[in-house]
Amino acid sequence: MIGNSWDEKLQVIENSAGFKKFLDLINHEYATKTIYPPKNYIFESLKRTPYENVKAVIVGQDPYHGENEAHGLSFSVQKGVKIPPSLKNIFQELEDDLKITPASCGNLSKWADEGVLLLNSVLTVVKDTPASHRNLGWERLTDYIIKVLNEKEQPVVFILWGNFAKAKSVYITNPQHLIITSSHPSPFSARYGFFGSKPFSKTNEFLKKHNIKPIDWNLNKE
Numbered sequence: 000m001i002g003n004s005w006d007e008k009l010q011v012i013e014n015s016a017g018f019k020k021f022l023d024l025i026n027h028e029y030a031t032k033t034i035y036p037p038k039n040y041i042f043e044s045l046k047r048t049p050y051e052n053v054k055a056v057i058v059g060q061d062p063y064h065g066e067n068e069a070h071g072l073s074f075s076v077q078k079g080v081k082i083p084p085s086l087k088n089i090f091q092e093l094e095d096d097l098k099i100t101p102a103s104c105g106n107l108s109k110w111a112d113e114g115v116l117l118l119n120s121v122l123t124v125v126k127d128t129p130a131s132h133r134n135l136g137w138e139r140l141t142d143y144i145i146k147v148l149n150e151k152e153q154p155v156v157f158i159l160w161g162n163f164a165k166a167k168s169v170y171i172t173n174p175q176h177l178i179i180t181s182s183h184p185s186p187f188s189a190r191y192g193f194f195g196s197k198p199f200s201k202t203n204e205f206l207k208k209h210n211i212k213p214i215d216w217n218l219n220k221e
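With numbering that gives the first Met the number 0 applied, the sequence shown covers 0 to 221.
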């Protein structure tokens, strides 16, 4: 399904009758409605960041529901698309934290290639209808992904913004991992704990402490 090491890690889910039935439901949704992201981008986060490469995880809720925005990475938008408010705030915190000038493009693929798993809890959405695929079945898969990462021998940083993401912390029980939490970066909540939380420097300090190459968060580099 993915085409890399995630297939082995997720084969219990992938091969289950319940998940195959769920995928039939998702295929029907794509056949009868406008669904985002495009079908070939549903598992983009797992494709871009194989299991063995994961250094950090940023958990999102569900994909952007506007045309041409979502492409399978949490908080990321396609090149040429206006940067959403939450991502603007993420870039602002990045600048305050690491003095990195905000990128003009909201595509976070470079972070994924650096080892940041940009995982939404729900992987699809109906056009212009936020949270429309919540509780359909994606959570079973994404909860399992967190559980599998919890078993990883190499320490991982879990970045959980907002209550929806924080709920995943119940699956992160291995004390060798680091959990960073704050309010969500949306304009409605960023001022209540997201700004000033310094998640990017904290992540890199933790990785360096464990002799893991830190993440280059600078999206302005080629």
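Positions of the beta carbon are idealized from the N, C-alpha and C atoms, including for glycine.
Terminal residues of the beta strand (DSSP E) in which residue i lies
| i | result |
| --- | --- |
| I171 | Taken as a continuous stretch (DSSP letters only), I171 belongs to no beta strand (DSSP E), as it is neither H nor E. |
| K59 | This sequence places Gly at residue 59; Lys is not what is there. That run of the beta strand (DSSP E) goes A55 to G59. |
| N119 | V115 to N119 |
For residue j and residue i, believed in contact at Cβ under 8 Å, the rounded distance
| i | j | result |
| --- | --- | --- |
| G105 | V80 | 6 Å |
| I179 | K165 | I179 to K165, Cβ: 10 Å. No contact. |
| P184 | S85 | 5 Å |
| I12 | Y143 | 5 Å |
| L72 | E43 | 6 Å |
| F74 | L140 | F74 to L140, Cβ: 19 Å. No contact. |
| H64 | T128 | 6 Å |
| N149 | N173 | 5 Å |
| W216 | L97 | 6 Å |
Residue span of the alpha helix (DSSP H) that contains residue i, given as start and end
| i | result |
| --- | --- |
| L24 | A16 to T31 |
| S85 | P84 to L97 |
| T141 | W137 to N149 |
| F199 | P198 to K208 |
| F163 | G161 to K165 |
| I234 | Only positions 0 to 221 of the chain appear in this structure, which leaves residue 234 out of reach. |
| L45 | E43 to R47 |
| V11 | Q10 to E13 |
| A111 | S108 to D112 |
Contacting residues, own chain, Cβ-Cβ under 7 Å from residue i (five flanking each side not counted)
| i | result |
| --- | --- |
| G114 | T48, N52, V53, K54, A55 and I214 |
| A111 | S44, R47, T48, L72 and L117 |
| N119 | G59, Q60, D61, P62 and S73 |
| N219 | T100 and A102 |
| A130 | D61 |
| E94 | T100 and P101 |
Residues of its chain near residue i, where Cβ-Cβ distance is below 6 Å and the 5 sequence neighbours each way are ignored
| i | result |
| --- | --- |
| F90 | P101 |
| S188 | S182 |
| V156 | A55, L177, T202 and F205 |
| V76 | E68 and G105 |
| W5 | L45 and Y50 |
| Q175 | P154 |
| Y40 | H70 and G71 |
| K78 | C104 and N106 |
Beta bridge counterpart(s) of residue i as assigned by DSSP
| i | result |
| --- | --- |
| T128 | V125 |
| I34 | V125 |
| F187 | Bridge partners of F187: none, in fact. |
| V156 | A55 and L177 |
Neighbourhood of residue i by C-beta distance below 8 Å, restricted to the same chain and skipping five residues each side
| i | result |
| --- | --- |
| M225 | The requested residue 225 does not occur in the structure, where the chain is confined to residues 0 to 221. |
| E138 | S120 and V121 |
| N3 | L45, K46, P49 and Y50 |
| K146 | Y170 |
| K208 | none |
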